[in-house]
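Note that our numbering numbers the sequence shown so that position 31 is 31, with each residue one more than the last. A virtual CB, placed ideally from N, CA and C, is assigned to each residue, including glycine. This report refers to the structure that appears directly beneath it.
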Amino acid sequence: LSALSEQLNTLQHNISQKENDLRILDEEIRHIPPESNTETAVLDLLTKQKDYRDLSREILNLKCHEAKVEQQLSCLQEKLQGIDPDQLPFGIDLKDQQSLGPIPQTAARVADFASLVVSDFIFLGTVSIAAIPISRINECAGQGRK
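As structure tokens, this is what we get:
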């Protein structure tokens, strides 16, 4: 959970930085005088417009990834809060669960954690939540995507 939480925080920070870069680029584009017809001004405008499109696309991709990580974290965190630590399957340790605190979420879906922790995800040792495909988590959350 702490790894997912850290990944979510990193994604949110990256999105914030990219959105700030996009605002700066927007201001630069707006400050190019429309009457400038020199080759340099036109090339500068075209370059900045391309950078703007690329950055917008990158932000969109980051937001999609953020939503997936947020849903994984939300599903697991909500279900794990109701589970007695003594009843957890072998290899799952929640000692860092208390340090997470509330996490801002846009997707509040509850996964059937018992069905996630099936023999194909349990190995002797620990379970890597990142190894569970998002389609499996979505399926357990009732979205039915396989």
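The distance from the Cβ of Ile15 to that of Lys63 is about 6 Å, consistent with a contact at the 8 Å cut-off. Burial is judged here by how many other beta carbons sit within 10 angstroms of a residue's own beta carbon; Leu73 has at least 16 and is buried. In summary, Leu43 is exposed, with fewer than 16 beta-carbon neighbours lying within 10 Å of its beta-carbon over all protein chains present.
About 10 Å separates the Cβ atoms of Leu1 and Gln81, ruling out a contact at the 8 Å cut-off.
For Gln12, the uninterrupted alpha helix (DSSP H) segment begins and ends at 2-30. C-alpha of Glu58 to C-alpha of Glu35: approximately 31 Å in a straight line. Distance from Asp51 to Leu11 at the Cβ level is roughly 21 Å; contact not present, criterion being Cβ atoms closer than 8 Å.
Secondary structure of Thr38 (DSSP, three-state): coil. Within the same chain, Ile32, Pro33 come within 8 Å of Ala41 by CB-CB distance, once the 5 residues on both sides are set aside.
Only buried fits Leu4, as 16 or more other CB atoms lie within 10 angstroms of its CB. Its chain contains Ile59 as the residues whose beta carbon lies nearer than 7 Å to that of Glu19, once the 5 sequence neighbours on both sides are disregarded; these appear in chain order.
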